[in-house]
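For any residue, its number in my numbering is found by taking its place in the sequence shown, counting from 1, and adding 38. Note that beta-carbon positions come from the ideal geometry of N, C-alpha and C, so glycine has one too. Report on the structure given below.
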Amino acid sequence: DVTKVRGSIIPNVFPKVALLVGWTFFVLAIDVFVPNAIGLPAVIIPSLSVVLGLLLVFRTNTAYDRYWEGRKTFATLLTSARTMSRYVWLGVSPKVSSSQEKRQFLDLLLAYVVSIKHHLREEYGTNYPDLEHLLPEQIKDAENCQGDLNPDRTMNLPLEISYYLGLYQQRVYDLKGMDVPCYANFFAALTLATDCLSVLERIRSTPIPISYSIHLKQSLFLYCLLLPFTLVDELGIVTPFIMGVVAFTLFGIESIALEIENPFGYDKNDLPIDYYCDELRLEFRYLASRVP
């Protein structure tokens, strides 16, 4: 892992590290030609280091909290989908809903999870290979409509799908195809799935305050610009290499936080939500083909 570049933050921080190493060589050259003229007392660095460390810790913890909450919420979403599939496949009377209708419900339930994935990535509409074939014609026809009512602009697709899930179960219940406890538990699971949608939207749409991000970047650069002046007299020719390590460490931490604060994209450090959806697809396929 030490030698891996793909998936690491090296490509992101290399330009900044190279710039600061070049700056350090410039400071070193001045010190060589004009000895003891530009050195600063090292006493100013500890206080700056403490403040900068606190800023970095807060930034990284905030980003990781979003990453971890996204993972927990998506796991809860999968749990609620599995719960609803079990109640429908085993709890609904075959006299009221045929196996074909139940399979259509499983497709719609899978579409709910997959549509959330696309929704979090700001990929709107239904024209996706892993989604379009799962949807009923009513939703696809609405998606193809023109004008101000185009759902690309007005409708939250996962929320619309949740309405159809609820309508199916209400119809089954009205026809006495499901007992009251099963019906209540199903709607509790559907409510939980809708709550997961809201939490995931909150994670996706609530950015780190721009003023904080800008201040942290500016503080990091100022710190790294000043640090060579406190090291050059004591370390001499080694100073640029030490500065490279320091800059790589500090900007690396900041870059990691930037990578994981939105964990729903396609980056290598994002959550593997495509894999989660594929696993759920296989589970539903097994349920429909093997479980009587």
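{"Asked": "Compute the beta-carbon to beta-carbon distance between Tyr125 and Asn50, rounded to the nearest angstrom, for a pair I have assumed lies under 8 Å.", "Found": "No, Tyr125 and Asn50 are not in contact; Cβ-Cβ is about 46 Å, not under 8 Å."}
{"Asked": "Quick one: give me the first and last residue of the alpha helix (DSSP H) that Asn99 is part of.", "Found": "82-129"}
{"Asked": "Examine the Cβ distances between the region 128-135 and the region 205-220 and report whether three or more of them are shorter than 8 Å.", "Found": "yes"}
{"Asked": "Assess contact between the region 250-268 and the region 76-86, defined as three or more Cβ pairs (one per stretch) separated by less than 8 Å. Is contact present?", "Found": "yes"}
{"Asked": "Hey, Leu318 and Cys234 are a contact pair by Cβ (cut 8 Å); roughly how many whole angstroms apart?", "Found": "The pair is not a contact, with the Cβ atoms about 13 Å apart (cut-off 8 Å)."}
{"Asked": "Buried or exposed: where does Arg323 fall if 16 or more other Cβ atoms within 10 Å of its Cβ makes it buried?", "Found": "exposed"}
{"Asked": "Report buried or exposed for Lys42, applying the criterion of at least 16 other Cβ atoms within 10 angstroms of its Cβ.", "Found": "exposed"}
{"Asked": "Taking the straight line between their C-alpha atoms, what separation do you get for Ser135 and Thr229?", "Found": "22 Å"}
{"Asked": "Work out the CA separation of Gln142 and Leu187 for me, nearest whole Å.", "Found": "In this prediction, Leu187 scores a pLDDT of 46, lower than 50, which makes its location untrustworthy; the coordinate-derived value is nonetheless stated afterwards. Cα-Cα distance, rounded: 26 Å."}
{"Asked": "Please state if the CB of Phe52 and the CB of Pro278 are separated by a distance shorter than 8 Å.", "Found": "no"}
{"Asked": "Does the beta-carbon of Ile241 have 16 or more other beta-carbons within 10 angstroms, so that it is buried, or is it exposed?", "Found": "buried"}
{"Asked": "Considering only residues of the same chain and omitting the five flanking positions on each side of Arg104, which have a CB-CB separation below 6 Å?", "Found": "Ile241, Glu299"}
{"Asked": "With distances taken between CB atoms, is the gap from Leu296 to Cys262 smaller than 8 Å?", "Found": "no"}
{"Asked": "Quick one: Cα of Leu58 to Cα of Ser257, how far?", "Found": "14 Å"}
{"Asked": "For Leu230, report the span of its alpha helix (DSSP H) as first-last.", "Found": "218-243"}
{"Asked": "Roughly how many angstroms lie between the CA atoms of Ala231 and Val152, to the nearest whole one?", "Found": "13 Å"}
{"Asked": "Given a cut-off of 8 Å, decide if Phe302 and Leu172 are closer than it, judged by their beta-carbon atoms.", "Found": "no"}
{"Asked": "So, helix, strand or coil for Lys178, using DSSP?", "Found": "helix"}
{"Asked": "Using the rule of at least 16 other Cβ atoms within 10 Å of the residue's Cβ for burial, across every protein chain shown, is Gln207 buried or exposed?", "Found": "buried"}
{"Asked": "Within its chain, find whatever has a CB closer than 7 Å to the CB of Lys54; leave out the 5 residues flanking it on each side and keep chain order.", "Found": "Ala285, Phe289"}
{"Asked": "Does the beta-carbon distance from Gly108 to Leu325 come in below 8 Å?", "Found": "no"}
{"Asked": "Whole angstroms are fine: how far does the CA of Glu170 sit from the CA of Thr192?", "Found": "Below a pLDDT of 50, predicted positions are generally treated as unreliable, and Thr192, at 49, falls in that range; the measurement from the model is reported next regardless. Going by the C-alpha atoms only, they are around 19 Å apart."}
{"Asked": "Helix, strand or coil: which one does DSSP assign to Leu78?", "Found": "coil"}
{"Asked": "For the candidate residues Phe225, Leu197, Ser249, Thr117, whose alpha-carbon lies nearest to that of Arg209?", "Found": "Phe225"}
{"Asked": "What's the gap between the Cα of Ser137 and the Cα of Ile246?", "Found": "47 Å"}
{"Asked": "Report the rounded CA-to-CA distance for Pro167 versus Cys220, giving the unit in angstroms.", "Found": "33 Å"}
{"Asked": "Can you give me the start and stop residues for the alpha helix (DSSP H) that Phe286 sits inside?", "Found": "277-298"}
{"Asked": "Can you tell which of Leu146, Asn165, Asn194, Pro196 has the C-alpha that lies nearest to the C-alpha of Pro174?", "Found": "Leu146"}
{"Asked": "Please state whether DSSP places Ile246 in a helix, a strand or coil.", "Found": "coil"}
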